[in-house]
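For reference, the structure is listed below as structure tokens.
In my numbering, the protein residues as written are -3 to 950.
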């Protein structure tokens, strides 16, 4: 007996029962999205429990609010296809909204055309570019382009992007959703996803927490709700039996209610088999062929898979639609009424027949000239060992998606390799594909798989091919390093060295270079120097670029060992060699060249360091070395921080953080978050800085390597700058307590001592401040710009309270030296201290001048909190200068701080939190904090209330 009449407005859907709480949440979320707030919603529940039915209700609601509503669905048997759910949702709409895409820049259009078929034929230059970025960071550019597209599609009335079954989403789609919720769209956008919790990958399951969104858990119906759903036409006894058989699951309940049998199946899932058993043989075969063909399919392809004639096809489709197995899905296309029905039909078909059906579809698609990426789904399910045509198709498909969906590319490469026999005549091709696979796995963040592939390379490479084996071992050691397994990396390198008959041969040099890097990472510069001492600068047998790499490594151990003159000489030589080398000679050795880039920053050679970072990063992008690129971007960001170019640093560091997240390497994430923490802290974004620093320290784990101490040190800096002096001092002291065996580089250690002198002086602990100033002096090396000025600045902190005149002189001297060293931010700090000292000494004219210079310096740097401090001190001296956070606003009403009033006024203008954050260069979390405090002071609980209150005040 069928369920009672369908609910109004839900054509083809069962009536909605027992979901009142979910509907109330829908109302709140859609209203907030319509008002301008980005919203993220997850509908979570077991198969058949009613998630799709709820999404249908949400679709109707978003339509009534006037939001453009686009729906897509991931599919179980196509879950490796890149961006499948997004293509399902957006592609048809893009075909009708050509003007929307045209508003984007040409580079963004070309990126989008690599994903969306509707754009591929219309946008010139969408074909693969041999010179394109191969690093995996291109995925970030693509994600930004799709996010921008979402913003454009949301104009003018808003957008609801609703994605079903995202537990089957391909890795690229899941990765994009993670990016989208971390970088919310600016417009009126609602993103809703539905998934099964037990099958959802971790990245999908974490979306709600990342977005701060809403989650609706859909439970089975209780007995009373089942009775309501069945209606009065079902007697109590049968209703109870249906409830017990279905477990309250609406999908199974509906299927069971169709059955005119006295005895219900013992298993709820068995109802689908009963339903399929009732089909005539021809209809059943067509249902199975449709399940093989795709989630949404064209009848012609189903006929190929089923080997059916046109009359058989049409009759069968009519029968399947009449029985509600299939439903129309747009012009000339069909889909199953539910993914569980498709799954049952697919599994009900014989395995051998399925293989043949996939083969027939693969052949048809190949004959029709379909892209390899479309063929690959069927090829991988029908090919046999030794099928060279299948191998070619899979490799072509893998290379087509390598840049924007490397995990899918890796999957197809592995499938291709499984079809190739391990024979002498195929060995070279197999080794070539293994190297590609290793890169794809590394770029996609599957570092353990990349490591295993590199080990497979080593297993297959002949023992006598020492140069190729050394390259494979070096790559494998890099993967082990990114997996935070330094001991395994070192053991692998030593083992391969021991296999070489001549450990001093040219083939051994790459392995020794990795050993040097491993020693530097664990702060064992003596071991690094010992290995370098055994290596010549060049040799006739060396390949181009190896001499550059060896030269690039020599400066850092000298610097770490305190041999500054030697470090400068080594750096000068390496930079000359590097400048003379073409980019092609650098690609193989970027991990070594990165050390020269960082050494330049440590020595205070900032322009040169920036130039080297930029060049190396460009090579890393073009050659796909993400694990090096994230490190290079972090180093470039650190250099920009030292120069006081904070906004520029933030842009670079953001890319480093996102790249490290894609890579899923704890070490690289700590490197990136460390710089993000410092950039935010000096910018005055204290809450965001502390979150970044805390995440970095959490990712450190138990490591005692250099990057772990850098992360802890950055958090200490952020704590001090946030005014949490006790915690900050303790954190900083922990990172630099062992001066006999320091874990921080000398420049960072000296800067930390100076900051500790400032913090201890602020705490009134002048003796301790003096001790830190003394330690700073002991670390000084006046000939290098990186050290210039910090020692007199530390002394100025110490004497400020007792002898402000002397403090002013020291601070002014420090400012001159720091400016000469291009350390603008620290020069501003010295000027601020000089101004305060002059004021304390009663020299108001000089105080005003130094504070004015400090204000201008901080403003140029983007150091807003320090700028505000300088402005406050100027106002106390009687200067008529507006506070930077509230320029031109005067006294704020209702006790609001200047920043709270600034945020509130932007709320009144209709800006979302994301837009406000961008306008004021704040983090979204900081905006939310200011707005929450404004709500409390204004006595309101909504954005509308803010507008009303401020309007009344005016």
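We put the CB at the ideal spot given by N, CA and C, even for glycine.
Since the structure is predicted, the reported quantities are computational estimates derived from the model, not experimental observations.
In this structure, how does DSSP classify residue i when only helix, strand and coil are distinguished?
| i | result |
| --- | --- |
| residue 951 | Coverage of the chain is limited to positions -3 through 950, which leaves residue 951 absent and any answer about it impossible. |
| residue 234 | helix |
| residue 310 | helix |
| residue 271 | helix |
| residue 292 | strand |
| residue 404 | helix |
| residue 213 | strand |
| residue 577 | coil |
| residue 156 | strand |
| residue 908 | coil |
| residue 279 | helix |
| residue 110 | coil |
| residue 29 | helix |
| residue 244 | coil |
| residue 793 | helix |
| residue 718 | coil |
| residue 935 | coil |
| residue 134 | helix |
| residue 878 | coil |
| residue 627 | helix |
| residue 395 | helix |
| residue 803 | helix |
Considering residue i, what are the terminal residues of the beta strand (DSSP E) in which it resides?
| i | result |
| --- | --- |
| residue 38 | 35 to 41 |
| residue 65 | 64 to 69 |
| residue 190 | 185 to 191 |
| residue 84 | Residue 84 -> not in any beta strand (DSSP E); alpha helix (DSSP H) instead, spanning 80 to 92. |
Any Cβ of chain C within less than 8 Å of the Cβ of residue i?
| i | result |
| --- | --- |
| residue 346 | Given the protein chain composition of this structure (a single chain), no chain C is represented. |
Excluding five sequence neighbours on each side, which residues of the same chain lie with their C-beta closer than 6 Å to the C-beta of residue i?
| i | result |
| --- | --- |
| residue 190 | 39, 47, 51 and 160 |
| residue 534 | 543 |
| residue 632 | 609 and 648 |
Quick one: residues in its chain with C-beta nearer than 8 Å to the C-beta of residue i, no 5 flanking neighbours on either side, listed in chain order?
| i | result |
| --- | --- |
| residue 356 | 300, 301 and 303 |
| residue 75 | 164, 165 and 166 |
| residue 751 | 713, 716 and 728 |
| residue 136 | 175, 651, 654, 655 and 658 |
Among residues of its own chain, excluding the 5 on either side of residue i, which ones have a beta-carbon nearer than 7 Å to its beta-carbon?
| i | result |
| --- | --- |
| residue 7 | A caution first: residue 7 carries a pLDDT of 40, below 50, which makes its placement in the model too unreliable to give a value. |
| residue 839 | none |
| residue 354 | 288, 374, 377 and 378 |
| residue 54 | 22, 158 and 188 |
| residue 802 | 795 |
So the alpha helix (DSSP H) residue i belongs to, where does it begin and stop?
| i | result |
| --- | --- |
| residue 595 | 586 to 598 |
| residue 197 | Taken as a continuous stretch (DSSP letters only), residue 197 belongs to no alpha helix (DSSP H), as it is neither H nor E. |
| residue 779 | It is not in any alpha helix (DSSP H) - residue 779 carries neither H nor E in the DSSP assignment. |
| residue 178 | 167 to 178 |
| residue 726 | 721 to 732 |
| residue 49 | 47 to 60 |
| residue 742 | 742 to 758 |
| residue 12 | No alpha helix (DSSP H) contains residue 12, which DSSP labels as neither H nor E. |
| residue 225 | 219 to 226 |
**Message:** List, from N- to C-terminal side, the alpha helix (DSSP H) runs of 4 residues or more that fit wholly inside the stretch 430 to 512.
**Reply:** You should have 443 to 456, 462 to 478 and 482 to 495.
**Asked** Contact between the stretch 155 to 174 and the stretch 419 to 428: three or more CB pairs below 8 Å?
**Response** Between the stretch 155 to 174 and the stretch 419 to 428, the count of C-beta pairs closer than 8 Å stays below three; the two stretches do not touch.
**Cβ pair count under 8 Å reaching 3, the stretch 604 to 622 against the stretch 746 to 757** = No: fewer than three Cβ pairs fall under 8 Å.
**Prompt:** What beta strand (DSSP E) runs, 3 residues minimum, are completely inside the stretch 321 to 386?
**Reply:** For the stretch 321 to 386, whole beta strand (DSSP E) runs of length 3 or above, ordered along the chain, are 322 to 324 and 330 to 332.
**Prompt:** Is the number of C-beta pairs between the stretch 213 to 222 and the stretch 64 to 71 that are closer than 8 Å three or more?
**Reply:** No: fewer than three Cβ pairs fall under 8 Å.
**Message:** Restricting to runs no shorter than 3 residues, where is the beta strand (DSSP E) found entirely within the stretch 500 to 573?
**Reply:** The stretch 500 to 573 contains no whole beta strand (DSSP E) run of 3 or more residues.
**Message:** Three Cβ pairs or more, each shorter than 8 Å: is that satisfied between the stretch 224 to 244 and the stretch 78 to 94?
**Reply:** No, they do not touch.
**Prompt:** Using 8 Å as the threshold, is the stretch 243 to 253 in touch with the stretch 276 to 288, meaning 3 or more CB pairs across them?
**Reply:** With the cut-off at 8 Å, the stretch 243 to 253 and the stretch 276 to 288 do not touch.
**Request:** Go through the stretch 629 to 715 residue by residue and report every complete run of the alpha helix (DSSP H) that reaches 4 residues or more, in order.
**Result:** Unbroken alpha helix (DSSP H) stretches of 4 residues or longer found wholly inside the stretch 629 to 715: 642 to 659, 662 to 679 and 682 to 696, given in chain order.
**Stretch-stretch touch, CB-based, cutoff 8 Å, three pairs: the stretch 822 to 830 with the stretch 839 to 857** = These segments touch.
**Every unbroken beta strand (DSSP E) inside the stretch 809 to 875 [3 residues or more]** = List check, beta strand (DSSP E) in window: nothing returned.
**Prompt:** Using 8 Å as the Cβ pair cut-off and three pairs as the minimum, do the stretch 583 to 602 and the stretch 549 to 563 touch?
**Reply:** Yes, they touch.
**Prompt:** Any contact of the stretch 679 to 690 with the stretch 857 to 871, i.e. 3+ C-beta pairs under 8 Å?
**Reply:** Contact annotation: the stretch 679 to 690 touches the stretch 857 to 871, with at least three C-beta pairs closer than 8 Å.
**Prompt:** Looking at C-beta atoms only, is the number of pairs between the stretch 190 to 209 and the stretch 656 to 676 that lie closer than 8 Å three or more?
**Reply:** Not touching, per the Cβ criterion.
**Prompt:** Can at least three beta-carbon pairs, one atom from the stretch 781 to 793 and one from the stretch 810 to 830, be found at a separation below 8 Å?
**Reply:** These segments touch.
**Message:** Taking 8 Å as the cut-off, does the stretch 449 to 456 touch the stretch 495 to 506 (at least 3 CB pairs, one atom from each stretch)?
**Reply:** The answer is no - the stretch 449 to 456 does not touch the stretch 495 to 506, with fewer than three Cβ pairs under 8 Å.
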